[in-house]
Structures are given as structure tokens and as C-alpha cells.
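Going by numbering that gives the first Met the number 0, the first residue of the sequence shown is number 0, and it counts up by one from there. We put the beta carbon where it would ideally sit given N, CA and C, even for glycine. These figures come from a predicted structure and were not determined experimentally. Comments concern the structure below.
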Amino acid sequence: MAASCQEIAVGLLARRDHSVHELAQKLSQRGFDDDAITLTINDCLERGWLDDARFATSLLRQGINKHHGWLRICQDAKRKGVDIELLARAEQDAEVDWYLVAKETAIRKYADLDGRLPPVEHKVKAKRMRFLQSRGFNFDQIQYALNDDDIDPHF
Numbered sequence: 000m001a002a003s004c005q006e007i008a009v010g011l012l013a014r015r016d017h018s019v020h021e022l023a024q025k026l027s028q029r030g031f032d033d034d035a036i037t038l039t040i041n042d043c044l045e046r047g048w049l050d051d052a053r054f055a056t057s058l059l060r061q062g063i064n065k066h067h068g069w070l071r072i073c074q075d076a077k078r079k080g081v082d083i084e085l086l087a088r089a090e091q092d093a094e095v096d097w098y099l100v101a102k103e104t105a106i107r108k109y110a111d112l113d114g115r116l117p118p119v120e121h122k123v124k125a126k127r128m129r130f131l132q133s134r135g136f137n138f139d140q141i142q143y144a145l146n147d148d149d150i151d152p153h154f
């Protein structure tokens, strides 16, 4: 017996939160028609099982825990169909200090045993900058993270 669109949606949402776009895409891939998907999504929204604002908050928290910067988290959100405005509100509510996230990322990756970033030659510094850039940090955040003068002692 084939499962209904509603049953599949509930099963997917039981495992983890999804965005509206992501859930619609998964249901479509399983062969459900647009009407069934729309009805299911509307029902899930009404019941509070599906909430893009909650998903954006979760996505932000996961990104920070993975030591990703704002740009990388925005890229992930776009890929998952989350409105950037929702993500921006979640970021504002969380009051994230991206400079400290970048610094912590650099220290976790490159610090010596004393927790300091040792001086390195230009080629190595450029490689470290590319790494932090790939993590989604902007130039100012990267400069701050790799500058050993302002090491925060609580890291």
C-alpha cells in the first residue's frame, strides 16, 4: 500500500525540520501532484509542523556550530529555499559576533599549544585567508581572525 503525501511529509518532518521549499521538492520527487503537495504543506503550516522562521533559526545555529560565516550560511539558506529576510531576523535576534566566530575558527584550526596564532609567511597566510573565506567570512572578519594582537583569552 502506497503512503499518502501527508504520511510522507510527517515522516520527513519527524526526522528533522525542513523549509517549505525543501519539503515541497522532496514530495514532488516522490511523485505527488502539485495539489496534494499544496494541501499537505498548508496543513503542516497550520499545525505548526512546518515553519520557515524556525528553520532559519535552526540553520543559523547549525552554521555557527560548524564555524561557518554569514555568507556561507546565507548560501546554504538559499539552496534550501529559505528567505534571507527570515535568516537576517534570526541573526539579529541571536546577536552573533561574526568577528569572534571567525577568530575562534582560526584558533581552532591554526593555533599553537599556547592558543596563539604563530607568525607565518605570506603564502601560508594567504592559504589561511582562503580557508576562512571558503567558510563564509568577509575580508574584515578574516583580517581580525588572523591578527594575533587581539587574542581573546577566553578562547
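In the three-state reduction of the DSSP assignment, residue 136 falls in the coil class, being assigned neither a helical nor a strand state.
The three-state secondary structure of residue 110, taken from DSSP, is coil. For residue 109, same chain residues with a beta-carbon under 7 Å away, outside a window of 5 residues either side, are 116, 127 in chain order. For residue 2, the three-state secondary structure derived from DSSP is coil. Contact check for residue 5 and residue 42: beta-carbon distance about 7 Å, within the 8 Å limit, so the pair qualifies.
Taking the CA atoms as reference points, residue 71 sits about 8 Å from residue 136.
For the pair of segments examined, the segment 91-108 was found not to touch the segment 19-38: the number of CB pairs separated by less than 8 Å stays below three.
Counting the other Cβ atoms within 10 Å of the Cβ of residue 28 gives fewer than 16, which makes it exposed.
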